[in-house]
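There are 2 protein chains.
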Amino acid sequence: MSAGETETGRRRPGRRPGAADTRGQILAAARKIFAEKGFDKATIRGIAREAAVDPALVHHYFDSKDGVFVAAMRLPMDPSVAIPRLIAEGPREEVGRRLARFILTITADPQAREPVLGLVRTAMTNEQAVGMIREFITKAILGRVVESLGVPPLRMEVAFAQLFGVVAMRHVVRLEPLATADIEEIVDIVGPTLQRYIDGP
Amino acid sequence: MSAGETETGRRRPGRRPGAADTRGQILAAARKIFAEKGFDKATIRGIAREAAVDPALVHHYFDSKDGVFVAAMRLPMDPSVAIPRLIAEGPREEVGRRLARFILTITADPQAREPVLGLVRTAMTNEQAVGMIREFITKAILGRVVESLGVPPLRMEVAFAQLFGVVAMRHVVRLEPLATADIEEIVDIVGPTLQRYIDGP
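Here the protein sequences line up with chains A and B, keeping their order.
The numbering of the first sequence is the numbering used here, which starts it at 1 and goes up by one.
The numbering of the second sequence is the numbering used here, which starts it at 1 and goes up by one.
Encoded structure:
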């Protein structure tokens, strides 16, 4: 079934055919819906309606609401995939170091970093968009760690603030020596902090 | 001697009299000079020249270059005054908690917070202004702690990133429970982190 057809093959008014176009159409609709409703209240059904496509097609392209958001914002990874993998990948007593290394490695690539910094800039300057970004951080990122590692939300938010601050000071403000320090040197400093936040006092 | 006069009492062309006006004139000139030259290369002499006043008058109103910057950016405190006081105020083994409490208390007041967040927004979005802000952070804030407590610059930058991140997540992104948590509850979490960064591994 193409994007322009219903399950019975009949063309619906306002729908356009063409797969490449359809994907872009869904992402444009998603940006509009996320901006209007926030992350929590946006639904795949609502995004599909806005894009004038079948909801099954949104699932087909992006799998989940998290996936649509990640694609719409051009983020370099989907936390619903990356976080469980990162947690499972090694021992719990090193998850702080793994988290720090993961964020520093992703943001080392300018192409992956730019959309993340774009979202940071939006959060810092756009009062309307900040709700959507807050909900995504809370639900799609922090909620997953809080739940699977049993970390109190306040501590997890302070841990997130540490990583956010390091990325901002390294790649936006570009404080030296932080801006050009080796990733592993920063992991040695920040990793134990994250681990303490995760493990408790 | 008024702002419009030289040391010999002769009026210079382009100078205007009036103390209230002169102060504003100096601050406008300072904003221009800091934006053009950055914090490091700006001088009281250059700001005085731009404002068409005597350098002694800039010293008289603002004491130091740090003081001019703080007034020009409407910051709620002058680090050249606040940091030495904060360090001397209690035992070294509690300086992490004092730093956290100080930043959280200052930014709890919306009137004091707004210019700080303004500077943060500028740093995040204005490629030209970021150099000036980086130099101010490095020289006027971090340099002072690095020197008086003997902390390696990289660790001090990571400590600063933690405080920056907490303020951004508490007051801009407004993650809950961080946005409404008691100051002392956050000090209990962040204080030991800052202390570890200051004391070494």
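Glycine included, every Cβ here is placed at the ideal spot set by N, Cα and C.
The beta carbon of Ile103(A) is closer than 7 Å to those of Leu163, Val167 in its chain, skipping five residues each way along the sequence. Against chain B, a Cβ distance below 8 Å from Ala181(A) picks out Leu154. In this chain, the alpha helix (DSSP H) harbouring Ala71(A) covers 65–72. With fewer than three CB-CB distances shorter than 8 Å, the region 113–121 of chain B does not count as touching the region 149–160 of chain A.
In terms of beta-carbon proximity, Ala168(A) lines the interface with chain B, with at least one pair separated by less than 8 Å. If you check each beta-carbon in the region 77–103 of chain A against every beta-carbon of chain B, none falls closer than 7 Å. Per DSSP, reduced to three states, the secondary structure at Gln111(B) is helical. Among the CB atoms of chain A, none fall inside 8 Å of the CB of Ala42(B). Within chain A, the residues Met169, Leu175, Leu178 have their CB atoms less than 7 Å from the CB of Glu157(B), given in chain order. Sequence-ordered contacts of the region 121–144 of chain A with chain B read Arg121, Ala123, Met124, Thr125, Val130, Ile133, Arg134, Ile137, Thr138, Leu142 [C-beta pairs closer than 8 Å]. Gly46(A) and Ala129(A) have their C-alpha atoms spaced approximately 18 Å apart. Restricting attention to Asp182(B), Arg92(B), Arg31(B), Pro152(B), the CA atom closest to the CA of Gln195(B) is found in Arg92(B). Proximity of chain A to Phe160(B) at the Cβ level (cut-off 8 Å) is accounted for by Gly165, Met169, Leu175, in chain order. Gly165(A) and Phe62(B) have their C-alpha atoms roughly 31 Å apart. Inter-residue distance for Thr43(A) and His59(A) is about 11 Å (C-alpha atoms, whole angstroms). Here the C-alpha atom of Val53(A) lies approximately 12 Å from the C-alpha atom of Ala28(A). Shortest Cα-Cα distance from Val190(A) to any of Arg144(A), Glu94(A), Glu147(A) involves Glu94(A). Ala88(A): member of the alpha helix (DSSP H) spanning 79–88, first to last residue. In the three-state scheme derived from DSSP, where H, G and I count as helix and E and B as strand, Pro201(A) is classed as coil. The C-beta of Ile189(B) comes closer than 8 Å to at least one C-beta of chain A. At a Cβ-Cβ threshold of 8 Å, Asp40(B) and Glu135(B) count as neighbours. In this structure, Leu86(A) and Arg98(A) form a Cβ contact; the two beta carbons are roughly 6 Å apart against a cut-off of 8 Å.
Look at Thr43(A) here: in three-state DSSP terms it is coil, with no helix or strand label. Looking at the backbone, the Cα of Gly24(A) and that of Ala51(A) are separated by about 9 Å. For Pro177(B), the closest of Ile137(A), Thr180(A), Glu185(A), Leu149(A) by C-alpha to C-alpha distance is Ile137(A). Close to Val172(A), with beta-carbon spacing below 8 Å, are these residues of chain B in chain order: Ala123, Met124, Val130. Contact between Val172(B) and Ala123(A) holds: CB atoms are separated by about 7 Å, below the 8 Å threshold.
DSSP places Thr180(B) outside any alpha helix (DSSP H), giving it a letter other than H or E. Residues of the same chain with a CB within less than 7 Å of the CB of Lys32(A), apart from the 5 flanking positions on each side, are Glu50 in chain order.
Nearest to Thr180(A) by C-alpha distance, out of Ala48(B), Pro153(B), Ala112(B), is Pro153(B).
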